[in-house]
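J.: What follows is a single structure, and I will ask about it in a moment.
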Amino acid sequence: MRLAILGPVLQAALVAGTLVVNQTTVTSLSLRKRFDPITAEELEKAAQDFLDKPEKHPCTIPADSIERLLGHGFARFEWVTGYHLKVTDKLARSSAPHYHCKDSNQALTSKSVQYLKAQGVKNVISLNEYADSPAMKRILKANKINYTPIPTKDFTVPSLAELYKGYRSFDKTTGGATLVWCGYGHGRTGLMITAINVFREAEKLNPMPITATDLRVAHIETRPQVRLLYRLQDILDVQGFKDTYDEAMDAWNEAREAFIHIDLAYGQSEKMTRRAKKATQAKLSDALKGLKETKFAVNSHWQICRSLFDRMLQGVARLTKLAMVTDPNTLDLLENIMNTVKWKLSRPAALGALTIQSRIVENVLRSVVRAIESSHVTASAHIDTFDALQHHVNRIEDYRAITRSMFRKLQETITNLESEAEHMLGQIPDPEAVGRLDSIVRVTKGHVTELRNEALVSRDVTVISQCIDQAVSGLADAKAALNALAHNIEYGKDLTVEAFQTVRRKFNDMRIYLAEMVARESSQFIRTHVVKQWEEGGEIAYPRRDAEEQAKDLMDLATRSYERAAYVGEWLQEKANNLNLIKNILEHDKLSEWEFNTDSIVESITLAWAKGKEELKAALKDERETIESEISLTEAPIHSYLTASLLVQREAAMAASVLEEEVSRAEADEEVQDWRKKSVEELVETLYDDIEEEEEKRVKEIEDRKEKEAAEMEKSDFYWRLGLGVDIAFAVAAAIPSPGAPLAAALIWARQGLRIGRFLHKAIRLGEVPSALFAEVRKAASEIDTVLTNWKTKVPEAFRDWVSQKSPQQVFDGLDKMHEKFEVENRNVNGQAVSRPGLEDKDALSLPVQKPPVPKSPPAKRILQKSIGELMEDLENISVPDDEPGDAELTMPVSKLLRKLDRIKVPASDPGDPSSLIGAASAMLPDRVRRSVDAIRQELQEGALIPHHSSDVAFAQLLDDAAYYLPSDCDLKSHTMGTCIIDAITGVAEAG
Numbered sequence: 001m002r003l004a005i006l007g008p009v010l011q012a013a014l015v016a017g018t019l020v021v022n023q024t025t026v027t028s029l030s031l032r033k034r035f036d037p038i039t040a041e042e043l044e045k046a047a048q049d050f051l052d053k054p055e056k057h058p059c060t061i062p063a064d065s066i067e068r069l070l071g072h073g074f075a076r077f078e079w080v081t082g083y084h085l086k087v088t089d090k091l092a093r094s095s096a097p098h099y100h101c102k103d104s105n106q107a108l109t110s111k112s113v114q115y116l117k118a119q120g121v122k123n124v125i126s127l128n129e130y131a132d133s134p135a136m137k138r139i140l141k142a143n144k145i146n147y148t149p150i151p152t153k154d155f156t157v158p159s160l161a162e163l164y165k166g167y168r169s170f171d172k173t174t175g176g177a178t179l180v181w182c183g184y185g186h187g188r189t190g191l192m193i194t195a196i197n198v199f200r201e202a203e204k205l206n207p208m209p210i211t212a213t214d215l216r217v218a219h220i221e222t223r224p225q226v227r228l229l230y231r232l233q234d235i236l237d238v239q240g241f242k243d244t245y246d247e248a249m250d251a252w253n254e255a256r257e258a259f260i261h262i263d264l265a266y267g268q269s270e271k272m273t274r275r276a277k278k279a280t281q282a283k284l285s286d287a288l289k290g291l292k293e294t295k296f297a298v299n300s301h302w303q304i305c306r307s308l309f310d311r312m313l314q315g316v317a318r319l320t321k322l323a324m325v326t327d328p329n330t331l332d333l334l335e336n337i338m339n340t341v342k343w344k345l346s347r348p349a350a351l352g353a354l355t356i357q358s359r360i361v362e363n364v365l366r367s368v369v370r371a372i373e374s375s376h377v378t379a380s381a382h383i384d385t386f387d388a389l390q391h392h393v394n395r396i397e398d399y400r401a402i403t404r405s406m407f408r409k410l411q412e413t414i415t416n417l418e419s420e421a422e423h424m425l426g427q428i429p430d431p432e433a434v435g436r437l438d439s440i441v442r443v444t445k446g447h448v449t450e451l452r453n454e455a456l457v458s459r460d461v462t463v464i465s466q467c468i469d470q471a472v473s474g475l476a477d478a479k480a481a482l483n484a485l486a487h488n489i490e491y492g493k494d495l496t497v498e499a500f501q502t503v504r505r506k507f508n509d510m511r512i513y514l515a516e517m518v519a520r521e522s523s524q525f526i527r528t529h530v531v532k533q534w535e536e537g538g539e540i541a542y543p544r545r546d547a548e549e550q551a552k553d554l555m556d557l558a559t560r561s562y563e564r565a566a567y568v569g570e571w572l573q574e575k576a577n578n579l580n581l582i583k584n585i586l587e588h589d590k591l592s593e594w595e596f597n598t599d600s601i602v603e604s605i606t607l608a609w610a611k612g613k614e615e616l617k618a619a620l621k622d623e624r625e626t627i628e629s630e631i632s633l634t635e636a637p638i639h640s641y642l643t644a645s646l647l648v649q650r651e652a653a654m655a656a657s658v659l660e661e662e663v664s665r666a667e668a669d670e671e672v673q674d675w676r677k678k679s680v681e682e683l684v685e686t687l688y689d690d691i692e693e694e695e696e697k698r699v700k701e702i703e704d705r706k707e708k709e710a711a712e713m714e715k716s717d718f719y720w721r722l723g724l725g726v727d728i729a730f731a732v733a734a735a736i737p738s739p740g741a742p743l744a745a746a747l748i749w750a751r752q753g754l755r756i757g758r759f760l761h762k763a764i765r766l767g768e769v770p771s772a773l774f775a776e777v778r779k780a781a782s783e784i785d786t787v788l789t790n791w792k793t794k795v796p797e798a799f800r801d802w803v804s805q806k807s808p809q810q811v812f813d814g815l816d817k818m819h820e821k822f823e824v825e826n827r828n829v830n831g832q833a834v835s836r837p838g839l840e841d842k843d844a845l846s847l848p849v850q851k852p853p854v855p856k857s858p859p860a861k862r863i864l865q866k867s868i869g870e871l872m873e874d875l876e877n878i879s880v881p882d883d884e885p886g887d888a889e890l891t892m893p894v895s896k897l898l899r900k901l902d903r904i905k906v907p908a909s910d911p912g913d914p915s916s917l918i919g920a921a922s923a924m925l926p927d928r929v930r931r932s933v934d935a936i937r938q939e940l941q942e943g944a945l946i947p948h949h950s951s952d953v954a955f956a957q958l959l960d961d962a963a964y965y966l967p968s969d970c971d972l973k974s975h976t977m978g979t980c981i982i983d984a985i986t987g988v989a990e991a992g
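Mapping of the sequence shown onto the UniProt record's numbering: residues 1 to 992, in sequence order.
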């Protein structure tokens, strides 16, 4: 009661600035800003040291020179260090692989991938303009390297949300290092590196600001980059969220006022009307920009608070281990704050007050963590430290749930305001919009037409490739204009769908022109390089070159062909997969009834669609016709291109093998000449048969050796494995995500639960558990079964039919949307966030739970509730074929050729250095030094006392290390939908 009465007084004291509560625990609770934000004058002074657009870096090697593709290609590679990062962080930076002069000149070769693996890189963040390259994505994915593309033009900046996306990619990488690149490796790369430092600082108890020295060391290049970094720092400041919100609300209110009174302008002159419309549009655009920044601020500050809650839990667990306790007054301070937040959440008009509360909460969390970590209160003899820990953990989790609800309420409200602003913007007639955006597409089409004409008559593969790169850049600008037009039509009353479809036809014409250029490049490569090679090699009249020089030429050609073959091959495969997906929707009407399916499709194929004005099926049919034309033009040439590239690389590998075995020069000459006399058809028929057999034999030998080693180890040390398994089980059970957690986190957690559950159940079933451990093993297995059964999500009723013809990423996207949609519905019905029973919100359990209303669409009977354990087992029982979904749409599928291309190991040669023709593979470095079993068990036992580790990256790494010692046969079966979805989520190879 005393604390409840003091609540308002406490709040006033907190807002005023400083409070002292119990000098033995919280000596000083300062709620001032962590550091003063930079003023506009200071910002401009700092930016003056930089240019708006610096000169491009000089080009020293011709773009078409083979020298560009030699070696691993990562220029300016260096490890990032400094006090901003955690000790365990592994962050590196470099140029894009084989970058030269412009962003389109980037290529991942076999040596590039070898280098990444040797450096322990498991995650790549690319800010290259062409970061969305299908070939780049495929090669990295095939090598178990996560990839986060953030396409950004040179000397420009990404959005704050994209910086956050890059940071989250870095933060969740537990199994290795993260590498950041752009083009040259300075400006945009330095921007992301510095942003990561700023995010890391924001999670500390005493954050430090970035300095001018930080900017210089990071190779920041432009004024916009400097301004964005300081803006990021200001928003992440404890006061920054409220300031950002206040600025957005001011802009929103001003824009809404202008919109309300815009009707008054229609009675004035045309000039005054036009001026009023433009002014209102500008204000609404400013409001939208401010609201987007506010959404970013909400996400960022929730992540900061979440990390502080994790740290708080770890602190109370360590105190228990040391037979110490947390002073109750420390959490009492937080109790008062949370009671006020709950009261504010119950009042719809208290949104502005919530922003003040968020500032107070974040400050108090830091002070409480500081107090817990500096506590020296020894537990009295009559106090049960474990019971005290459970009490503190429950309280902390209650506070986490309240804080989460606060941020979610803010997020939902801001999202609604954003939608309203977009609707207002669309309501302002803008007849010029169609003409303006149509002009952009029309001009771009003219430029692409000129490029097409140039490419179709050229016999120079380099020229054709340059035309393609320019056309791709132009298409990106045209697509942006087309999307803007779709947005205007969706909200505008006077704009017609026919106008949009006319512009879309022009855009699709450009896509056909691009397909013609790709087909021309593929055919010309074969004519220029492959045919010429065999003609020159087969003509006895030509002077014979020695084997060394011929091998060098072959290796250069293999390296050159790989770059473009992988690009065009993946381009075709992506088209085929999209076509297959569209056909699946058009031919199965029932699938289109589910909103999460259509949203996923539109996102995955980047469909140009006038939503709200145009039927989705009409847009899909138009897209299908365009893709079919693209495939028809390119399928045969690209298939030949891939086959020829593989053929060249087989020859290069054979040439390297001859020299490696130190065959005499004469014998080498003779053998190389013999290859030239063989027909292309014979070589194609036997393409890589011998290499594949050798690779399969090598893989089998490795697997046999692992099985033998595992059997010996299991025989000698099974008892300590059981002990480790029990510790893992209790830690995983404690880490059960809240029902509102992202599905990705839940699936990764469920995979760990299934793995350890199977290990323990197998030991029990085979009678391998000693009597001394039996009760504990059975209890651990039972607890894992319980948590995997209790965590629920939503799935379609006809699950296998729904999964069919979908890629793992598409399946996950659909499940994720279903989980998010129904979680939001449950939260709206209950009036608050869904909470973990007994932990996140006990008060909610005492209230009668209303049944959610039956949604009109999708029909309730089509959606089922399923436990996460059942879902994972269902996904594991669905095999994923090696073929791509789009193979059915191609007369000559290319997926197998692309996989063979990924396996190429052809050494690139350095001019004038014959010895470099046969380069030894780089030594593989360990991802990290794994902890000892004793250290792992000790940390797992501490972790078992703390719930909600789904947000704790260090805990995820701990589970990875622990699972390394478990038998592999307990994990999910390979080549199943379950494992492929986990790979799609994590993007990195799992330990063990």
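Cβ atoms here follow ideal geometry from the backbone N, Cα and C, with glycine treated the same way.
Values in this document were obtained by computation on a predicted structure and should not be read as measured data.
#1: Does DSSP put Leu-607 in a helix, in a strand, or in coil?
#2: Output the distance between the C-alpha atoms of Glu-603 and Ala-576, rounded to the nearest integer angstrom.
#3: Looking at the structure shown, is Val-811 part of a helix, part of a strand, or coil, going by DSSP?
#4: When DSSP labels each residue in this structure, what does Ser-159 get in the three-state scheme?
#5: Specify, as a first and last residue, the run of the beta strand (DSSP E) that Lys-866 falls within.
#6: In the DSSP assignment, find the unbroken beta strand (DSSP E) run with Lys-794 in it and report its ends.
#7: Report the CB separation of Lys-242 from Thr-173 in whole angstroms; it is logged as a contact under 8 Å.
#8: According to DSSP, is Val-894 helix, strand or coil?
#9: So which of Arg-347, Glu-870, Arg-359, Ile-396 has the shortest CA-CA distance to Val-369?
#10: Report the CB separation of Asp-132 from Pro-149 in whole angstroms; it is logged as a contact under 8 Å.
#11: Using the Cα positions of Ala-212 and Asp-460, report the straight-line distance between them to the nearest angstrom.
#12: Have a look at the DSSP bridge pairing and note the partners of Leu-51.
#13: If you drop the 5 nearest sequence neighbours on each side, which residues of the same chain put their C-beta closer than 6 Å to that of Asp-983?
#14: Tell me which residues share the same chain as Ile-468 and place their Cβ nearer than 6 Å to its Cβ, disregarding the 5 neighbours each side in the sequence.
#15: Determine the closest residue to Ile-414 out of Ala-287, Ala-476, Arg-564, Tyr-167, with distance taken between C-alpha atoms.
#16: Measure from the alpha carbon of Ala-652 to the alpha carbon of each residue in Lys-896, Asp-556, Lys-621, Met-208, then state which is nearest.
#17: Going by the beta-carbon positions, is the gap between Ser-112 and Phe-74 smaller than 8 Å?
#18: Taking the straight line between their C-alpha atoms, what separation do you get for Ser-922 and Phe-77?
#19: Are the CB atoms of Ala-471 and Thr-634 within a distance shorter than 8 Å?
#20: What's the call for Thr-626, buried or exposed, on a 16-neighbour Cβ count within 10 Å?
#21: Buried or exposed, going by whether 16 or more other CB atoms sit within 10 Å of the CB of Val-849?
#22: Do you know how far the Cα of Gly-175 is from the Cα of Lys-90?
#23: With distance defined between alpha-carbon atoms, name the residue in Ala-772, Ile-337, Lys-204 nearest to Asp-310.
#24: Quick check on the DSSP output: what are the complete beta strand (DSSP E) runs of length 3 or more inside the segment 456-519, in order along the chain?
#25: Looking at Val-238: is its Cβ nearer than 8 Å to the Cβ of Glu-373?
#26: Comparing C-alpha positions only, which one of Ser-358, Gln-390, Asp-398 sits nearest to Met-406?
#27: Is the CB-CB distance between Ser-867 and Lys-792 below 8 Å?
#28: Please state whether DSSP places Glu-454 in a helix, a strand or coil.
#29: Just to confirm the assignment: which complete alpha helix (DSSP H) runs, minimum length 4, are found wholly within the segment 111-189?
#30: With a cut-off of 8 Å on the beta carbons, I'd call Glu-574 and Pro-134 a contact; round off their distance for me.
#31: Please report how far the alpha carbon of Glu-126 lies from the alpha carbon of Leu-140, in whole angstroms.
#32: On the CB-based measure, 16 or more other CB atoms within 10 Å of its CB, does Ser-932 come out buried or exposed?
#33: Using the C-alpha atoms, what's the distance from Pro-796 back to Ala-888?
#34: Are the CB atoms of Val-316 and Leu-228 within a distance shorter than 8 Å?
#35: Taking Ile-145 as the reference, give the member of Glu-563, Met-192, Ala-118, Val-769 with the closest Cα.
#36: Please return the same chain residues whose Cβ sits closer than 7 Å to the Cβ of Gln-524, not counting the five positions on each side in sequence.
T.: To lay it out plainly:
#1: For this step, residue 607 is matched to residue 607 along the sequence shown. The answer is coil: DSSP assigns Leu-607 none of H, G, I, E or B.
#2: Stepping through the sequence shown from its first residue, residue 603 is reached at position 603. Stepping through the sequence shown from its first residue, residue 576 is reached at position 576. Each residue's alpha carbon lies about 16 Å from the other.
#3: Against the sequence shown, residue 811 aligns to sequence position 811. In this structure, Val-811 counts as helix in the three-state DSSP scheme.
#4: Counting from one through the sequence shown, the residue named residue 159 turns up at place 159. Three-state result, Ser-159: coil.
#5: In the sequence shown, the residue the question calls residue 866 occupies position 866. 863-867 is the extent of the beta strand (DSSP E) around Lys-866.
#6: As a position in the sequence shown, residue 794 is number 794, starting the count at 1. Lys-794 -> beta strand (DSSP E) spans 792-796.
#7: Along the sequence shown, one-based indexing puts residue 242 at 242. Along the sequence shown, one-based indexing puts residue 173 at 173. Not really, about 32 Å apart at Cβ, beyond 8 Å.
#8: As a working mapping, residue 894 is identified with position 894 in the sequence shown. If DSSP states are grouped into helix, strand and coil, Val-894 belongs with coil.
#9: Sequence index remark: in the sequence shown, residue 369 carries index 369 (1-based). Of Arg-347, Glu-870, Arg-359, Ile-396, the residue nearest in Cα terms is Ile-396.
#10: Mapped onto the sequence shown, residue 132 falls at position 132. Mapped onto the sequence shown, residue 149 falls at position 149. Their Cβ separation, rounded to whole angstroms, is 5 Å, which keeps Asp-132 and Pro-149 in contact under 8 Å.
#11: By one-based count along the sequence shown, residue 212 stands at place 212. By one-based count along the sequence shown, residue 460 stands at place 460. Rounded to the nearest angstrom, the two C-alpha atoms are 47 Å apart.
#12: Sequence index remark: in the sequence shown, residue 51 carries index 51 (1-based). Partner(s): Thr-222.
#13: The sequence position of residue 983 within the sequence shown is 983, counting from 1. Taken in chain order, the list of residues that qualify is empty.
#14: Sequence index remark: in the sequence shown, residue 468 carries index 468 (1-based). Closer than 6 Å at the Cβ level, and outside the excluded window around Ile-468, lie Met-517.
#15: Taking the first residue of the sequence shown as position 1, residue 414 is located at position 414. Per the Cα distances, Ala-287.
#16: By one-based count along the sequence shown, residue 652 stands at place 652. Checked all of Lys-896, Asp-556, Lys-621, Met-208; the closest Cα to Ala-652 is Asp-556.
#17: On the sequence shown, residue 112 is found 112 positions in, with the first residue counted as 1. On the sequence shown, residue 74 is found 74 positions in, with the first residue counted as 1. Yes, they are a contact pair.
#18: Stepping through the sequence shown from its first residue, residue 922 is reached at position 922. Stepping through the sequence shown from its first residue, residue 77 is reached at position 77. For Ser-922, the predicted structure reports a pLDDT of 35, less than 50, and the residue's modelled location is therefore unreliable. A value from the coordinates is still provided. The alpha-carbon atoms of Ser-922 and Phe-77 are separated by roughly 16 Å.
#19: Here the question's residue 634 lines up with position 634 in the sequence shown. Here the question's residue 471 lines up with position 471 in the sequence shown. No, the pair does not count as a contact, with Cβ atoms beyond the cut-off.
#20: Mapped onto the sequence shown, residue 626 falls at position 626. When all chains shown are included, Thr-626 counts as buried.
#21: Along the sequence shown, one-based indexing puts residue 849 at 849. Low confidence applies to Val-849: its pLDDT is 36, below 50, so where it sits in the model is not reliable, and the reading given next is rough at best. Val-849 is exposed by the Cβ-count criterion.
#22: Translated into positions along the sequence shown, residue 90 becomes position 90. Translated into positions along the sequence shown, residue 175 becomes position 175. Lys-90 and Gly-175: Cα-Cα distance of roughly 10 Å.
#23: Within the sequence shown, numbered from 1, the residue matching residue 310 stands at position 310. The shortest C-alpha separation from Asp-310 is found at Lys-204.
#24: none
#25: Sequence index remark: in the sequence shown, residue 238 carries index 238 (1-based). Sequence index remark: in the sequence shown, residue 373 carries index 373 (1-based). No, the Cβ-Cβ distance between Val-238 and Glu-373 is not below 8 Å.
#26: Taking the sequence shown and counting its residues from 1, one reaches residue 406 at position 406. That would be Ser-358, whose Cα lies nearest to the Cα of Met-406.
#27: For the purposes of this step, residue 867 is taken as residue 867 along the sequence shown, with counting starting at 1. For the purposes of this step, residue 792 is taken as residue 792 along the sequence shown, with counting starting at 1. The answer is yes: Cβ separation under 8 Å.
#28: In the sequence shown, counting from the first residue as 1, residue 454 sits at position 454. Of the three classes helix, strand and coil, the one that applies to Glu-454 here is helix, per DSSP.
#29: 134-142, 160-171
#30: Here residue 574 refers to the residue found at position 574 of the sequence shown. Here residue 134 refers to the residue found at position 134 of the sequence shown. Contact flag correct, Cβ pair sits at about 5 Å.
#31: One-based indexing of the sequence shown puts residue 126 at position 126. One-based indexing of the sequence shown puts residue 140 at position 140. A small correction: the amino acid at residue 126 is Ser; Glu does not occupy that position in the sequence shown. For Ser-126 and Leu-140, the distance between alpha carbons rounds to 12 Å.
#32: As a first step, residue 932 is located in the sequence shown; it is residue number 932 there, counting from the start. Exposed, since its Cβ has fewer than 16 Cβ neighbours within 10 Å.
#33: Indexing the sequence shown from 1 puts residue 888 at position 888. Indexing the sequence shown from 1 puts residue 796 at position 796. Cα-Cα distance, rounded: 25 Å.
#34: One-based indexing of the sequence shown puts residue 228 at position 228. One-based indexing of the sequence shown puts residue 316 at position 316. Taking 8 Å as the Cβ cut-off, Leu-228 and Val-316 do not qualify as a contacting pair.
#35: Counted from its first residue, the sequence shown places residue 145 at position 145. Closest by alpha carbon: Ala-118.
#36: Position 524 of the sequence shown, counting from 1, holds the residue named residue 524. Closer than 7 Å at Cβ, skipping near neighbours: Arg-459, Val-461, Ile-464.
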